[in-house]
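The structure under discussion appears below in the form of structure tokens.
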Amino acid sequence: MTDLRRNFYLTLGGITLLKLLLAAWLPLTGDEAYFFVWGRHPGLGYYDHPPMVGWWLHALLYLGQAEWWLRLPAYAMTSFIAWAIYRLLRDGLGEERAALAGLLYLLAPVNVINVLISTDTPLILLSFLSALALQRALQRDGWRWFAYSGALLGLAFLAKYFAVLLGLAYGAYLLLVRPSRRNAVGLLLLFLAVLPFAALNLWWNYCHCWDNVLFNVYSRHSGSSFDWTHPALYLLMLVYLVTPPLLWQAWRRRGAVLDALRGRGLFLWLWLLPMALFALLSFTARIGLHWVLAFYPFLFLFLPSVLDAAQLRRSVRFMAWFSLLHVAAIAVLLALPTDAWQGRPVLHHDMVFGRYSGEFWQQIEPQLDGHALATESYVYSAILEHRSGRRFHVFGDASKYGRQDDMLTDYRALDGKDIAVLLYAAKSPAVHARYFESHEVQEITVRGVTDYLLLGRGFRYTLYRDEVLRRTQQQFYRLPWFLPAGACYFYDKYFPDEDVQRLPRG
180 MTDLRRNFYL TLGGITLLKL LLAAWLPLTG DEAYFFVWGR HPGLGYYDHP PMVGWWLHAL
240 LYLGQAEWWL RLPAYAMTSF IAWAIYRLLR DGLGEERAAL AGLLYLLAPV NVINVLISTD
300 TPLILLSFLS ALALQRALQR DGWRWFAYSG ALLGLAFLAK YFAVLLGLAY GAYLLLVRPS
360 RRNAVGLLLL FLAVLPFAAL NLWWNYCHCW DNVLFNVYSR HSGSSFDWTH PALYLLMLVY
420 LVTPPLLWQA WRRRGAVLDA LRGRGLFLWL WLLPMALFAL LSFTARIGLH WVLAFYPFLF
480 LFLPSVLDAA QLRRSVRFMA WFSLLHVAAI AVLLALPTDA WQGRPVLHHD MVFGRYSGEF
540 WQQIEPQLDG HALATESYVY SAILEHRSGR RFHVFGDASK YGRQDDMLTD YRALDGKDIA
600 VLLYAAKSPA VHARYFESHE VQEITVRGVT DYLLLGRGFR YTLYRDEVLR RTQQQFYRLP
660 WFLPAGACYF YDKYFPDEDV QRLPRG
């Protein structure tokens, strides 16, 4: 093994170990705990997104519940992609440039510090593998590689709908950038391989109130409008991801970049086309950094082909120091006592709850006497469910996010039962007390944060349905006019004699 290769693998192992340590150290986030709930309740779909991350977590949960273990796909995936970039480029660019390209991706701050499991985790990996299969197909390694690419794209679609943008990029590339009869037939094969996965998701949505459509198209973006700051923020985000030194090196080699555009290289176009689509979307929506991560590896499969070894070495050195700053900042923030955030009450509360949710549960458990468990937030319910192993419902109106509990909970079965509801300190218990025949309130204090535990006796289901569940129906379970009304668990449980309501046109 050459020194260069040995250094690459040593760095790969060291960064992977660092990410493992971060995964073990970082507090549990609400979204992660929510996905852990998905893993405990496997299905063909979930309220917010398609099911892939839930399937992965379901498999992992058989072997353990520690956060570092359940986060394994997130930090192992970026290390695998860095290795794959090195192996893919080695024959064409040589050992040194290929190793530097892999290190450049490995050391990008977003890949070093992002060790949290999310729906983006399977999307990134499956999109990457799909693009590699398409590259093999274009190298005339057989028609089957178009089908493999499509099947992997279909699996990516079952992770997150941003896979559609990769599919659009495939179509534009094969039909417009490199048009040929073979590529057109290959695109058809690719599309046919995607169809079973898309059909499964379509069928699931039809049988489940069109949840994914209502959330991702309507509820999530309600109130969105043009904001000139969004495109500017999107451009700044791209500068952050690519980094100014790498942009400068690419500018210095702009002639080679233009030649690559004319050369119609696959990975360049798979980076540019989705970024252009996001640029258009940025005029009406704020583009999150995680939205673009599925396409991030393609940049590192392209740029090394237009940069020389010296430029790559300088870029790798910058990336290493840039990531070190991120890790140092995280270490400082995590080392601070939670009291340091008391000047920001909401953040302070969330920091304490995220770090010490087990202590909240230790105070809640002794006060239970056959009570069902609930909080008024999907975040708190998911975190406490993960910590305690007990089922926590979401009580009240909650938010447009994380409404999987609408599917999991049947409030009819709780009629007349006792329910313990953990309430955020700023919320008056009287808001929910009216839904019980009687109640008492206990304070739960953990490390300077006080919440209320409402111990409700005799749940008044009919009143709760007529007020809370009716508002939920009006806000989240009305279909657009063009979607056929299939099965809907929410109507079946709570309003079985009513037709599915429709959103107004226009």
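For the sequence shown, my numbering gives the first residue as 180, with consecutive numbering after it. Glycine included, C-beta positions come from ideal geometry on N, C-alpha and C. Please read all numbers here as calculations on a predicted model, not as lab measurements.
Note to self: Can you tell me whether residue 135 is buried or exposed? The criterion is at least 16 other CB atoms within 10 Å of its CB, across all chains shown.
What the structure shows: This structure does not reach residue 135, given that the chain is present from 180 up to 685, and the question cannot be answered.
Item checked: Close-in-space but distant-in-sequence residues of the same chain around residue 621 (CB under 8 Å, 5 per side omitted) -> Taking the sequence shown and counting its residues from 1, the one referred to as residue 621 is at position 442. The answer, listed in chain order, is 546, 631, 632, 634.
Margin query: Does residue 186 pass the burial test, meaning 16 or more other C-beta atoms within 10 Å, or should it be called exposed?
Written below: Numbered from 1 along the sequence shown, position 7 holds the residue referred to as residue 186. It is exposed - the Cβ of residue 186 has fewer than 16 other Cβ atoms within 10 Å.
Check: Rounded to a whole number of angstroms, what is the C-alpha to C-alpha distance between residue 506 and residue 350?
Finding: Indexing the sequence shown from 1 puts residue 506 at position 327. Indexing the sequence shown from 1 puts residue 350 at position 171. Approximately 39 Å between the Cα atoms of the pair.
Notebook entry, point to check: How about residue 169 and residue 370: are their beta carbons less than 8 Å apart?
Noted result: Since the first residue shown for the chain is 180 and the last is 685, residue 169 is missing from the structure and cannot be characterised.
Check: Looking at residue 344 and residue 456, is the spacing between their C-beta atoms short of 8 Å?
Finding: Locating residue 456 in the sequence shown gives position 277, counting from the first residue. Locating residue 344 in the sequence shown gives position 165, counting from the first residue. Cβ distance < 8 Å, so residue 456 and residue 344 count as in contact.
Checklist line | Reduced DSSP category for residue 671 - H, G, I as helix; E, B as strand; rest coil | finding: Residue mapping note: residue 671 aligns to position 492 of the sequence shown, counting from 1. Here residue 671 sits in helix by DSSP.
Item checked: Straight-line Cα distance separating residue 433 from residue 503 -> Locating residue 503 in the sequence shown gives position 324, counting from the first residue. Locating residue 433 in the sequence shown gives position 254, counting from the first residue. Those two C-alpha atoms are separated by around 29 Å.
Margin query: By the DSSP assignment, the alpha helix (DSSP H) with residue 257 in it spans what residues?
Written below: Mapped onto the sequence shown, residue 257 falls at position 78. Note, residue 257: alpha helix (DSSP H), 251-272.
Margin query: Could you tell me the alpha carbon to alpha carbon distance between residue 627 and residue 475, rounded to whole angstroms?
Written below: Numbered from its first residue, the sequence shown carries residue 627 at position 448. Numbered from its first residue, the sequence shown carries residue 475 at position 296. Residue 627 and residue 475: Cα-Cα distance of roughly 42 Å.
Checklist line | Endpoints, beta strand (DSSP E) assigned at residue 126 | finding: Examination of residue 126 is not possible in this model, given that the chain is present from 180 through 685 alone.
Next item on the list: With DSSP as the reference, please indicate the residues paired to residue 647 in a beta bridge.
Entry: Here residue 647 corresponds to residue number 468 of the sequence shown, with the count starting at 1. In the DSSP output, where bridge partners are listed per residue, residue 647 has none listed.
Notebook entry, point to check: Which first and last residues belong to the alpha helix (DSSP H) in which residue 314 is found?
Noted result: As a working mapping, residue 314 is identified with position 135 in the sequence shown. Its alpha helix (DSSP H) spans residues 299-317.
Notebook entry, point to check: With distances taken between CB atoms, is the gap from residue 208 to residue 595 smaller than 8 Å?
Noted result: By 1-based counting over the sequence shown, the position of residue 208 is 29. By 1-based counting over the sequence shown, the position of residue 595 is 416. For residue 208 and residue 595, no; Cβs fall outside 8 Å.
Check: If you draw a straight line from the alpha carbon of residue 528 to that of residue 561, how long is it in whole angstroms?
Finding: Residue mapping note: residue 528 aligns to position 349 of the sequence shown, counting from 1. Residue mapping note: residue 561 aligns to position 382 of the sequence shown, counting from 1. If I take the Cα positions, the gap works out to 16 Å.
Next item on the list: Report the option in 211, 262, 379, 360 whose CA atom is closest to the CA atom of residue 190.
Entry: Against the sequence shown, residue 190 aligns to sequence position 11. The residue with the shortest Cα to Cα distance from residue 190 is 262.
Note to self: Would the stretch 301-315 count as touching the stretch 326-336 if we require 3 or more Cβ pairs under 8 Å?
What the structure shows: yes
Note to self: Using C-beta distances below 8 Å, list every residue in its chain close to residue 412, excluding the 5 sequence neighbours before and after it, in chain order.
What the structure shows: The residue labelled residue 412 in the question sits at position 233 within the sequence shown. Once the five neighbours on either side are set aside, the close Cβ partners of residue 412 are 461, 465, 466.
Margin query: I need the DSSP call for residue 630, collapsed to helix, strand or coil.
Written below: If you number the sequence shown from 1, residue 630 lands on position 451. Here residue 630 sits in strand by DSSP.
Check: What residue does the alpha helix (DSSP H) around residue 598 start on, and which one ends it?
Finding: Locating residue 598 in the sequence shown gives position 419, where the first residue counts as 1. Run containing residue 598: none in the alpha helix (DSSP H); it sits in the beta strand (DSSP E), 598-602.
Next item on the list: Evaluate residue 625 with the Cβ neighbour count: other Cβ atoms within 10 Å of its Cβ, from every protein chain shown; 16 or more gives buried, anything less gives exposed.
Entry: Residue mapping note: residue 625 aligns to position 446 of the sequence shown, counting from 1. Flag for residue 625 reads buried.
Next item on the list: Give the DSSP bridge partners of residue 658, in chain order.
Entry: Here residue 658 is taken as the residue at index 479 of the sequence shown, counted from 1. Answer by DSSP bridge pairing, in chain order: 681.
Notebook entry, point to check: What residues are listed by DSSP as bridge partners for residue 620?
Noted result: As a working mapping, residue 620 is identified with position 441 in the sequence shown. Beta-bridge pairing links residue 620 to 633.
Check: So what does DSSP say about residue 295, is it helix, strand or coil?
Finding: Locating residue 295 in the sequence shown gives position 116, counting from the first residue. Coil at residue 295, not helix or strand.
Notebook entry, point to check: What does a CB cutoff of less than 6 Å around residue 472 pick up in its chain, not counting 5 residues either side in sequence?
Noted result: Residue 472 sits at position 293 when you count from the first residue of the sequence shown. Here the set comprises 299, 303.
Notebook entry, point to check: If we count Cβ pairs, one from each stretch, closer than 8 Å, do we get three or more for the stretch 282-291 versus the stretch 255-270?
Noted result: yes
Checklist line | Simplified DSSP state of residue 373, which is helix, strand or coil | finding: If you number the sequence shown from 1, residue 373 lands on position 194. The answer is helix: DSSP assigns residue 373 an H, G or I state.
Checklist line | Assumed close pair residue 484, residue 439 - CB separation to whole angstroms, cut-off 8 Å | finding: One-based indexing of the sequence shown puts residue 484 at position 305. One-based indexing of the sequence shown puts residue 439 at position 260. Confirmed, about 7 Å.
Item checked: Assigned secondary structure, residue 134 (DSSP; H/G/I helix, E/B strand, else coil) -> The structure shown has nothing for residue 134, since the chain only spans 180 to 685.
Item checked: Inter-residue Cα distance where the pair is residue 451 and residue 420 -> Within the sequence shown, residue 451 is the residue found at index 272, counting from 1. Within the sequence shown, residue 420 is the residue found at index 241, counting from 1. Whole-angstrom Cα-Cα distance: 14 Å.
Checklist line | Closest Cα partner of residue 181 within the set 266, 271, 651, 275 | finding: Translated into positions along the sequence shown, residue 181 becomes position 2. Nearest of 266, 271, 651, 275 to residue 181, Cα basis: 275.
Check: For the 8 Å Cβ check, are there 3 or more pairs between the stretch 548-561 and the stretch 196-216?
Finding: yes
Item checked: Opening and closing residue of the beta strand (DSSP E) in which residue 334 lies -> Taking the first residue of the sequence shown as position 1, residue 334 is located at position 155. No beta strand (DSSP E) holds residue 334; the alpha helix (DSSP H) holding it covers 323-336.
Notebook entry, point to check: Are residue 390 and residue 226 touching if we call contact CB-CB under 8 Å?
Noted result: Taking the sequence shown and counting its residues from 1, the one referred to as residue 390 is at position 211. Taking the sequence shown and counting its residues from 1, the one referred to as residue 226 is at position 47. Cβ atoms of residue 390 and residue 226: closer than 8 Å.
Checklist line | Residue environment, residue 616, which counts as buried when at least 16 other CB atoms sit within 10 Å | finding: Mapped onto the sequence shown, residue 616 falls at position 437. It is exposed - the Cβ of residue 616 has fewer than 16 other Cβ atoms within 10 Å.
Item checked: Inter-residue Cα distance where the pair is residue 613 and residue 657 -> Residue mapping note: residue 613 aligns to position 434 of the sequence shown, counting from 1. Residue mapping note: residue 657 aligns to position 478 of the sequence shown, counting from 1. Taking the straight line from one Cα to the other gives about 27 Å.
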